[in-house]
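Before any comments, here is the structure.
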Amino acid sequence: MGFTVADYTVFVLLLVLSSAIGLFYALSGGRQRTVQEFLLANRSMSFLPVALSLLATFQSAVAILGVPAEIYRFGTEYWFLGCCYFLGLLIPAHVFIPVFYRLHLTSTYEYLELRFNKAVRVCGTVTFIFQMVIYMGVVLYAPALALNAVTQFDLWGAVLTMGLVCTLYTTLGGLKAVIWTDVFQTLVMFAGQLAVIVVGTIKVGGMGRVWQLAADQGKISGIDLNPDPFERHTFWTLAVGGVFMMLSLYGVNQAQVQRYLSSRTEREAVLSCYAVFPCQQVVLGLSCLTGLVMFAYYQEHPLTAAQSQASSDQLVLYFVMDVLKDLPGLPGLFVACLFSGSLSTISSAFNSLATVTMEDLIHPYFPGLRESRATLLSKLLALSYGLLCLGMAYLSSMMGPMLQGAITGLAAGLAMAFWIGIGSLVSNLRAAPSAPPLSNVTDFPQASNLSTAIATTLLTSTPAPKRLSGLQKFYSLSYMWYSAHNSTTVILVGLLVSLLTGPTKGATVNPRTIYPVLPRLLCCLPQRYRKRLSCGVGCSAEDGSCVEPAPQAPEKTGNGMLNGPIGGLACAEEAEGEGFARAEGAHTYILQETSL
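Under the numbering used here, think of the first position of the sequence shown as 210, with each following residue one higher.
Okay, structure coming up:
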């Protein structure tokens, strides 16, 4: 099944327009001459482009192929993942964004130094770099491999083209170019999926016919309230375990937090998080409908011998070619949709990797670096990570399924993720020695808290295991619980070590690094009880009874540099309408209170 000239034209237009956006922002405005502009878009973005960029960042090509394949094989149970989006976005909007935005951070891991120490910050940064470098290779290589198997589209031509174009506009145009190309590529993804759904539905005989065929074969799932965490997908697995997954993506992931911080105000950042909610529901709905239409189509059009041997994600591409082959240009539109998913994800990875490397590993040790040199170095880092991504794509072709065992969480979470991930992989391999080899990595078990970005896109598609016990049972934990499991492990181990070594006194904790969840939720209680719920940590500005903390970690100010010991917050020094100013510090820090 080959491509026509019209198909190649649509695909080339995607690459040309993406590059043009990068060139535009390289030659306009401030021309990316400052670190602030290159890494944070001068903190000038409005909520809508930020929201679409947040959506595109983890809507990778693997997800575009993986979710329909999941619905085709297992039915609509996965659709209940949408239930977790509300809390998974509401909590970041009102807990994480206020803390990060008011601290004027650039890297998420700067928070770890403010709250704990530099060692924790560096550990988090290195883990993020390790995980994202591997993730880039998977996201770039896997869809190109599947596309090559179905359409004979040149494998390494596709990989090199995507990698180099993405590196070009990311290096030249900075975060602003990345965000606006994400907006464009999101629209292309919507168009490609809609084309497949509409044409496929027409060929089956209408959406009613699609639904009926799926229902007849048991693909329309009801609400499964089984609380067993070892069941692959249940309502609780998706709706509750999914919240933890969403928090790791939209609450603390550098690629997403960097977009919040590029917003012109805190209110715009919160609005962007709200705006993602309906967009996520639309994306999930389109992907699930694609899977249903594909299932219905192949109920009436039997699979060929080659298709019956294909992996589930390759079958998605076979389906696209089957339903769109008589419409020149539309197969190219879907390929553009597929590659838009890859471009939006890896461009975000390049930019976020350049940011954390610059802010966490270079700036702290070279504080006197001139602005022009710092900007040039940031661009070189983005370029270097782009080239490294191509290397990782090649490595992905050599390593295959073993990649998944290498992506892990932090500290105790790291060990637990390795244990479950590798144990599950080995267990599955032993249980199915005769299974045909997979052509890409969309079919392995997922691992780790920090790598939940991969857990949303690399869907586990192994059949439900037989009755298991002992470690075999433990390894069958649903991948949707991995984030919750590993987060809980980190928190419990951290609390235990803190109790054994002596807990930190609340009065010494900088209150700007803490969000008082319980005092806010129980705001009707008398103030003395709410103060006890704060565990001795100084209050926030609006509580009106601040406790001045002891000096500790350096503070991040608006110019992107660390400076000065923290002098605490003084309630007597409230500026009308401006929050609270820091007393006795090297600089005055204004905590702007905004509300939605």
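For every residue, glycine included, the Cβ atom is placed at its ideal position computed from N, Cα and C.
- For Ala353, I'd like the list of residues in its chain whose CB is within less than 6 Å of its CB, leaving aside the five on either flank, ordered along the chain. Leu364, Ala367 and Val368
- Less than 7 Å separating the beta-carbons of Gln489 and Tyr294? yes
- To the nearest whole angstrom, what separates the beta carbons of Phe309 and Tyr320, a pair I think is in contact under 8 Å? 7 Å
- Ends of the alpha helix (DSSP H) at Pro540? Leu539 to Val565
- Determine which residues share a DSSP beta bridge with Pro472 and list them. According to the sequence provided, residue 472 is Ser. The question's Pro does not apply to it. DSSP output for Ser472 lists Met254 as bridge partner(s).
- Query: Hey, how far is the Cα of Leu411 from the Cα of Leu422?
  - Reply: In the sequence as displayed, the identity of residue 411 is Ile instead of Leu. Their Cα atoms are separated by approximately 14 Å.
- Message: At the level of alpha carbons, what is the spacing between Val331 and Val461?
- Response: 16 Å
- Query: Nearest CA to the CA of Leu261: which residue from His303, Arg311, Val387 and Ile273?
  - Reply: Val387
- What is the residue span of the alpha helix (DSSP H) that Pro511 lies within? Note, Pro511: premise wrong, no alpha helix (DSSP H); not H, not E.
- Determine the DSSP secondary structure at Pro277, reduced to helix, strand or coil. helix
- Query: Within 10 angstroms of its Cβ, does Arg741 collect 16 or more other Cβ (buried), or is it exposed?
  - Reply: exposed
- Query: What is the C-beta distance between Gln426 and Thr499, in whole angstroms, given that I count them as a contact (C-beta under 8 Å)?
  - Reply: Not quite, the Cβ-Cβ distance comes to about 17 Å (not below 8 Å), so this is no contact.
- Query: Can you give the beta carbon distance from Ala265 to Gln394, rounded, assuming they're within the 8 Å contact cut?
  - Reply: 6 Å
- Message: On a Cα-Cα basis, can you pick out the residue from Ser521, Arg729 and Leu701 that is closest to Val359?
- Response: Ser521
- Task: Confirm, please, whether the CB-CB distance from Cys292 to Ala484 is below 7 Å.
- Result: no
- Query: Taking Cβ positions, are Leu501 and Ile280 nearer each other than 7 Å?
  - Reply: yes
- Report the residue from Gln340, Val221 and Gly382 whose alpha carbon sits nearest the alpha carbon of Arg242. Gly382
- Going by beta carbon distance, what residues of the same chain come within less than 7 Å of Ala464, once the five residues before and after it are set aside? Thr266, Ser557, Ala558 and Ser561
- Using only alpha-carbon positions, find the residue among Asn719, Ala602, Arg582 and Gln508 that is nearest to Asn326. Asn719
- Message: I need the DSSP call for Thr379, collapsed to helix, strand or coil.
- Response: helix
- Tell me whether Lys428 is buried or exposed, calling it buried when 16 or more other Cβ atoms sit within 10 Å of its Cβ. buried
- Reduced DSSP secondary structure (H/G/I, E/B, other) of Ala448: helix
- Query: Is the distance from the Cβ of Ala249 to the Cβ of Leu470 below 7 Å?
  - Reply: Checking the sequence shown, residue 249 turns out to be Leu, not Ala. Yes. Within cutoff.
- Query: Should the stretch 428 to 446 be called in touch with the stretch 689 to 700, which here means at least 3 C-beta pairs below 8 Å?
  - Reply: yes
- Count the other CB atoms within 10 Å of the CB of Tyr738; is the residue buried (16 or more) or exposed (fewer)? exposed
- Item | Phe486 in three-state terms, based on DSSP | helix
- Message: Nearest by alpha-carbon distance to Leu524: which of Leu495, Val276, Cys375 and Gln736 is it?
- Response: Val276
- Query: Do the stretch 535 to 553 and the stretch 213 to 220 meet, that is, are 3 or more Cβ pairs less than 8 Å apart?
  - Reply: yes
- Closer than 8 Å by C-beta to Leu585: which residues in its own chain qualify, once you throw out the five before and the five after it? Chain order, please. none
- For Phe325, which of helix, strand or coil comes out of DSSP? coil
- Message: Below 8 Å on the Cβ atoms is my contact criterion, and I expect Cys598 with Leu349 to pass it. Report the Cβ-Cβ distance as a whole number of Å.
- Response: 6 Å
- Classify Ala235 as buried or exposed, calling it buried when 16 or more other Cβ atoms lie within 10 Å of its own Cβ. buried
- Item | Spatially closest choice to Ala167 from Phe453, Phe362 and Ser496, by CA coordinates | Nothing about residue 167 can be read from this structure; the chain reaches only from 210 to 805.
- Message: Are the CB atoms of Ala505 and Val419 within a distance shorter than 7 Å?
- Response: yes
- Query: How many whole angstroms separate the CB atoms of Leu480 and Phe256, which I take to be in contact at a CB cut-off of 8 Å?
  - Reply: 4 Å
- Would you tell me roughly how many angstroms separate the C-alpha atoms of Ser549 and Val726, rounded to the nearest one? 38 Å
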